[in-house]
Amino acid sequence: MMNVILIFSLVCLLFGPTVNGAAVNASYEAADGAQDPPTIGWTQVPFSYYIQKPWDLDLSERYHYDAATDTHTMWVYNTDKPFKEGNTTDPRTEMRWYNEYSTGEHMWEADVYIEEGSVGSSVMQILRINRPAGTPATDIMLVVHPDNTVRRYFSDPNGALIKSNVYNNWWNLKVAHNADDGTIRVYADDELVLTVEDRGPATRHFKNGVYGVEGRSETKFRNLKYWVK
Numbered sequence: 013m014m015n016v017i018l019i020f021s022l023v024c025l026l027f028g029p030t031v032n033g034a035a036v037n038a039s040y041e042a043a044d045g046a047q048d049p050p051t052i053g054w055t056q057v058p059f060s061y062y063i064q065k066p067w068d069l070d071l072s073e074r075y076h077y078d079a080a081t082d083t084h085t086m087w088v089y090n091t092d093k094p095f096k097e098g099n100t101t102d103p104r105t106e107m108r109w110y111n112e113y114s115t116g117e118h119m120w121e122a123d124v125y126i127e128e129g130s131v132g133s134s135v136m137q138i139l140r141i142n143r144p145a146g147t148p149a150t151d152i153m154l155v156v157h158p159d160n161t162v163r164r165y166f167s168d169p170n171g172a173l174i175k176s177n178v179y180n181n182w183w184n185l186k187v188a189h190n191a192d193d194g195t196i197r198v199y200a201d202d203e204l205v206l207t208v209e210d211r212g213p214a215t216r217h218f219k220n221g222v223y224g225v226e227g228r229s230e231t232k233f234r235n236l237k238y239w240v241k
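Numbering of the sequence shown is given in this note's numbering, commencing with residue 13 and proceeding in unit increments.
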């Protein structure tokens with residue numbers, strides 16, 4: 013029995029995936045009867061970002077990172093100023109990802125915790141930074157609603173439901189974008205909950221945090237990952 017354990021441990025060390033900044037290939041098989049995770053066939057790669065926050069405040073007044081738990085906490089008030097002086101967009105505290113793309117398949121992932129009372133804030137979006145004139149600024153936005161849900165913005169009647177009972181609970185969110193065929197898939201706790209088309213060709217990047225708000229909004233993110241195909 014001891015020899016079996018030693019052999020198994022050696023195999024894990026030699027062939028098991030690593031995270032913490034190294035590339036990871038999700039290519040294992042699910043147990044009998046279990047659904048394959050959405051990350052099967054994807055490769056985890058490093059990502060980088062900077063924080064957009066009210067221009068007149070110190071970063072620590074709207075953002076905190078706990079290295080021990082890998083948790084990013086962001087909050088914002090509806091009375092806050094925009095992220096740039098003279099800008100007219102809504103208040104925000106967001107991670108603006110540097111990883112930009114116009115082709116290929118890209119997936120954003122995180123565990124998400126939304127504080128009760130947060131309303132009207134976008135917690136994740138795909139922003140179109142270089143796009144044809146007259147086309148929308150985002151491919152998708154996921155927004156907190158007062159009925160304790162996260163829903164897609166700009167969809168009828170009240171937004172396609174992504175997740176219920178989001179307040180004060182950790183849950184996993186994945187947003188996968190195939191920029192080649194224009195398909196976006198959203199997963200809540202590894203369940204496919206939405207498939208939509210993007211808004212056409214563009215160069216874009218991921219964002220997450222709190223953007224736009226009624227009163228005060230706060231959201232935590234941990235285990236952030238960037239996957240590609």
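By construction, the Cβ of each residue, glycine as well, lies at the ideal position given by its N, Cα and C atoms.
Exercise. With distances taken between CB atoms, is the gap from Y89 to R216 smaller than 8 Å?
Worked result: no
Exercise. So is the beta-carbon of N160 under 7 Å away from any non-hydrogen atom of the ligand FAD?
Worked result: Although the ligand FAD was asked about, the structure shown includes no ligands whatsoever.
Exercise. Which runs of the beta strand (DSSP E) spanning at least 3 residues fall entirely within the segment 137–185, listed in chain order?
Worked result: 150–157, 161–164 and 173–176
Problem set entry | Cβ pair L185, A145 closer than 8 Å | no
For this session: From the DSSP output, in three-state form, read off A35 for me.
Result: In this prediction, A35 scores a pLDDT of 48, lower than 50, which makes its location untrustworthy; the coordinate-derived value is nonetheless stated afterwards. In the structure shown, A35 sits in coil (DSSP, three-state: anything other than H, G, I, E or B).
For this session: Give me whichever residues DSSP pairs with I52 in a beta bridge.
Result: Answer is none; I52 lacks a bridge partner.
Exercise. So who's on the other strand from Q47, going by DSSP bridges?
Worked result: Bridge partners of Q47: none, in fact.
For this session: Could you spell out where the beta strand (DSSP E) holding E106 opens and where it closes?
Result: R104 to W109
Exercise. Where do the ends of the beta strand (DSSP E) carrying T85 lie?
Worked result: T83 to Y89
For this session: Might you give, ordered along the chain, the residues of its own chain that have their beta carbon closer than 6 Å to the beta carbon of Y199, omitting 5 neighbours on each side?
Result: P50 and K186
For this session: Would you mind sorting A42 into buried or exposed? The rule is 16 or more other CB atoms within 10 Å of its CB.
Result: Low confidence applies here, because A42 scores a pLDDT of 44, under 50, leaving its location unreliable; read the following figure in that light. With fewer than 16 Cβ atoms within 10 Å of its Cβ, A42 is classed as exposed.
For this session: Express the C-alpha separation of H76 and D92 in angstroms, rounding to a whole number.
Result: 17 Å
Problem set entry | Residue closest to K219, alpha-carbon to alpha-carbon, out of I152, P58 and N142 | I152
Exercise. Out of R143, V57, W54 and V162, which has the shortest C-alpha to C-alpha gap to D210?
Worked result: R143
Problem set entry | C-beta neighbour in chain D for T207, strict 8 Å | Structure shown: chain D not included; a single protein chain is present.
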